[in-house]
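Using our numbering, the first residue of the sequence shown is number 72, and each one after it goes up by one.
Here is the structure we will look at.
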Amino acid sequence: MDKLLIHKISYSNLCAQFSEQIIIAVLPIIAVLSIHASASETAFIQMINTLPFLLLSIPMGILADRVSRKKLMIIMEIVRAAAIFILFYLTFLGNLTINKIALFGFFIAIGTVIYSVASPALVASFVIKDQLINANRSIEIAKSVAFTAGPAFGGILAGIYSGGLAFILAFLLSIISAFFLICLPKEPVQKKSERNIIQELCDGFIFLLKNKYLRPITITAFVFNLSFNLLLSIFAYYTINNLSFTSFEVGILLSLIGLGMFLGSVLYKFISTRINFGCQLTLGPISAFVASILMLLTTIYPVKELVFISFFCFGFGPIIWTISTVSLRQLVTPNNMIAKISSVIMTVTFGARPLGAALGIYISANFGVTNCIFAVFIGFFIQLAIILFSKPANLKKLSDAEK
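Next up, the structure:
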C-alpha cells in the first residue's frame, strides 16, 4: 500500500513540477516574441511571479499545519490549472499583455508555493518512517525529470500558436496532478499546533545570526539567489535579442540547469570521497562564479555555446552546495530548532527572488541589459568571496562542525 501511495504522490509531483517548468520557460519567451517585451518588462514579470515565495511561504506553511494538506493541494492545483487556462484563452483571443501575464503568473506561483510547503508534510503523514528515504528519492527523481524536460517542452511549444500548445499541456498536467492527489486515501487527522509561530521564527533568526556556520551560508545563499534571479529576469530578452536564440534554444538552455542538477546529485557521492567537506561547500559558489564569467564573455563574444555551458554550471555546482549545506545545517542545529531555521532560511533565500527581479527592472531600464549581465557577475563574485573567507570553507570533514 505504501509503495502505491509513493507512486501516486511521485506522479502528482512530476506532473505539477512539469507544468510549472513549462510555464516558467514559456512566459518570458512569449512576452519577448509575441508582445515584444523589453528587458525591464520581462524582469517585471519575473518579479511578480516570484513575489508569492516571499509573501506567502510562511503563511501557507502555517495554513498547511492547520488544514487538510491533501484538500489544500488539490484546491490550489485546480486554481493553478484555471490560471493557466485563462492564459491560453487570452492567447487564443490575441489579448495577452504584460500585466495579464504577470497577474496570472502570480496565481500560478501561489499554487507552486502551496505544493512546495505542503507536499513534504503530506508524504510524512502517509509513509512510514522506514520508507521516507525511498519516498523522497522518488519525488526528487521526478523533480529532476521535470526540471530537465519541462523547459525544453516549453521552449519547443512556445513558438507554436503563440504558446497556446504549451499552455494546454501545462493545464492538462496540473489537472492530472490534482487527479493523483484525489486518488490518495483520507489524510490522517493532524494534531492542532500550539506553536507561537512569530516567537519560533524570531528564535530561529537569532540562532542563525549567532551561528558561525549558518550565518555565512545563509548570506551566501541570499546573494546567490539575488544574482541568479537578476539573470533569470532578463535572460529571455538577452538571449533572443542579443544572441539570436530561438524559443527552442531558450527551452534547452533552461533544461540544462535541470540536467546539471541531476548529474551533480548523481555524482555527489563520488565527489564527496575525493575532496574535503569545505571544498564541497565552495564548489557550488565557484561553479556559479565561473558560469557568470561565461555569461559576461557573451557580451564581447556572442557565442551560444558559452551560454549553454554557463547554465549547466548553474545547475551542477549549486546542487552540490545544496546537499552539503543541508547536511551541515542538520548537524549544527538542535533537533527542536531545525524547522524554525528552515523557515527562516527559506524566507531569506526566497525573498531574494523578487528582489533580484526588481534589480533587473531598475538596471535594464536605466543602464541597459548588458549591464545586468555585469551586475550578475559582480553578485556571483561577492557570494564566492563570502564563502571562501568563512568558517564553513575551512571544514575538513562534516563532523568537525560539532567541535
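Every residue gets a Cβ at the ideal spot worked out from N, C-alpha and C, and that includes glycine.
Asked, Found
"Might you give, ordered along the chain, the residues of its own chain that have their beta carbon closer than 6 angstroms to the beta carbon of Trp392, omitting 5 neighbours on each side?", "Gly355"
"If you follow the alpha helix (DSSP H) that Tyr339 is in, where does it begin and where does it stop?", "Ser318 to Ser343"
"With DSSP as the reference, label Asp471 as helix, strand or coil.", "helix"
"Is it true that the CB of Pro425 sits closer than 9 angstroms to the CB of Leu98?", "no"
"Return the chain-ordered ranges of every alpha helix (DSSP H) run that is complete within the region 403-458 and spans a minimum of 4 residues.", "409-438"
"In angstroms with no decimal places, state the Cα-to-Cα distance between Arg345 and Thr219.", "27 angstroms"
"Compute the distance between the beta-carbons of Val361 and Gly388, then report whether it is under 9 angstroms.", "yes"
"Does DSSP put Ile371 in a helix, in a strand, or in coil?", "coil"
"Rounded to a whole number of angstroms, what is the C-alpha to C-alpha distance between Leu302 and Val378?", "12 angstroms"
"Terminal residues of the continuous alpha helix (DSSP H) containing Ile149?", "Arg140 to Leu164"
"Go ahead and label Thr369 buried or exposed: buried means 16 or more other beta carbons lie within 10 angstroms of its beta carbon, across all protein chains shown.", "buried"
"Can you check which of these residues, Ile290, Ile80 and Thr183, is closest to Leu459 by C-alpha distance?", "Ile290"
"Please report whether the beta-carbon of Leu125 lies at a distance below 9 angstroms from any beta-carbon of chain B.", "Included in the structure is just one protein chain, with no chain B present."
"Let's see if you can read the secondary structure: which residues bound the alpha helix (DSSP H) around Arg286?", "Leu285 to Tyr308"
"Using the three-state DSSP reduction, which class does Gly225 fall into: helix, strand or coil?", "helix"
"Using only alpha-carbon positions, find the residue among Leu272, Ile288 and Val447 that is nearest to Ile129.", "Leu272"
"When the Cα atoms are used, what is the spatial distance from Leu338 to Leu466?", "21 angstroms"
"Here's the rule: buried if 16 or more other CB atoms are within 10 angstroms of the residue's CB, otherwise exposed. What is Gly165?", "exposed"
"Starting from the Cα of Ala446, find the closest Cα among Leu367, Leu174 and Ser381 and give me that residue.", "Leu367"
"Looking at the structure shown, is Ser461 part of a helix, part of a strand, or coil, going by DSSP?", "coil"
"When you compare the region 240-249 with the region 103-120, are there three or more beta-carbon pairs, one atom per stretch, that lie closer than 8 angstroms?", "no"
"Exposed or buried, Ile80, counting other C-beta atoms within 10 Å across all chains shown (16 or more means buried)?", "buried"
"Looking only at its chain, what residues have a beta carbon closer than 7 angstroms to the beta carbon of Met72, apart from the 5 residues adjacent to it on each side?", "Summary for Met72: the model assigns pLDDT 46, below 50, so the residue's position carries little reliability; its value from the coordinates is reported in the next sentence. None."
"Helix, strand or coil: which one does DSSP assign to Met72?", "Low confidence applies here, because Met72 scores a pLDDT of 46, under 50, leaving its location unreliable; read the following figure in that light. Met72: coil per DSSP, three-state reduction."
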